[in-house]
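Enquirer: The structure that follows is given in the form of structure tokens.
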């Protein structure tokens, strides 16, 4: 099943997250021209009544609920968790906070390898992973982390 049309899309360049987080320290270690996390957003024809598909494009991230291909594992990005009252700005803030709470780290920040890890994840793998995650959570529900974990 194909959920998202590729007609309306945009990119967000996340240049700042919580300044005390290890993720922000990783971003600051990147070369000046690539000090960001690039998110891709695809809007379905039914937006704002259906959620956008949001993925990490680059650099490669581990943890923080970033899955294979840059898919984001967040209930708010599913039809069960989405509300048409959400703004894109509030969604980006929530993604930023989730990355930090989930202890996301850039895969590498060494100058010799940063360019190879800055290659974009593919749209197809992100969408395939997101669909599998969504199907699993639709069957089994969403686990709410303990209060101390976020």
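In this note's numbering, the protein residues as written are -10 to 139. Note that beta-carbon positions come from the ideal geometry of N, C-alpha and C, so glycine has one too.
#1: Which residue from 113, 71, 123, 55 puts its Cα closest to that of residue 92?
#2: Work out the CA separation of residue 48 and residue 98 for me, nearest whole Å.
#3: According to DSSP, residue 2 sits in a beta bridge with which residue or residues?
#4: What residue range does the alpha helix (DSSP H) around residue 55 cover?
#5: Tell me which same chain residues have a C-beta within less than 8 Å of the C-beta of residue 81, skipping the five on either side of it?
#6: Quick check on residue 121: buried or exposed, where buried means 16 or more other Cβ atoms within 10 Å of its Cβ?
#7: Is the segment 56 to 68 close to the segment 109 to 120, with three or more CB pairs under 8 Å?
#8: Residues in its own chain within less than 6 Å of residue 131 by CB, not counting five upstream and five downstream?
#9: Give the range of the alpha helix (DSSP H) segment to which residue 42 is assigned.
#10: When DSSP labels each residue in this structure, what does residue 95 get in the three-state scheme?
#11: Have a look at residue 85 and residue 35 and give me their C-alpha separation to the nearest angstrom.
#12: Can you tell me whether DSSP reads residue 19 as helix, strand or coil?
#13: Quick check on residue 125: does DSSP put it in helix, strand or coil?
Expert: Quick look at the numbers:
#1: The residue given as residue 92 occupies position 103 in the chain shown. Looking at 113, 71, 123, 55, the one whose alpha-carbon comes closest to that of residue 92 is 55.
#2: The residue labelled residue 98 in the question sits at position 109 within the chain shown. The residue labelled residue 48 in the question sits at position 59 within the chain shown. At residue 98, the pLDDT of 49 sits below 50, so the modelled position is not reliable; the number obtained from the coordinates is stated separately. Looking at the two C-alpha atoms, the distance is approximately 10 Å.
#3: Here the question's residue 2 lines up with position 13 in the chain shown. 27, per the DSSP bridge assignment.
#4: As a first step, residue 55 is located in the chain shown; it is residue number 66 there, counting from the start. Residue 55 -> no alpha helix (DSSP H), and no H or E assigned at all.
#5: Here residue 81 corresponds to residue number 92 of the chain shown, with the count starting at 1. Excluding positions up to five away in sequence, the list reads 1, 3, 28.
#6: To locate residue 121, count along the chain shown from 1; it is residue 132. Exposed, because fewer than 16 other Cβ atoms sit within 10 Å of the Cβ of residue 121.
#7: yes
#8: Looking up residue 131 in the chain shown gives position 142. The answer, listed in chain order, is 64.
#9: One-based indexing of the chain shown puts residue 42 at position 53. No alpha helix (DSSP H) contains residue 42, which is instead part of the beta strand (DSSP E) from 42 to 47.
#10: Here residue 95 refers to the residue found at position 106 when the chain shown is read from its first residue. Of the three classes helix, strand and coil, the one that applies to residue 95 here is strand, per DSSP.
#11: Numbered from 1 along the chain shown, position 96 holds the residue referred to as residue 85. Numbered from 1 along the chain shown, position 46 holds the residue referred to as residue 35. C-alpha separation (whole angstroms): 25 Å.
#12: By one-based count along the chain shown, residue 19 stands at place 30. Coil, per DSSP.
#13: As a working mapping, residue 125 is identified with position 136 in the chain shown. When DSSP states are grouped into helix, strand and coil, residue 125 belongs to the helix group.
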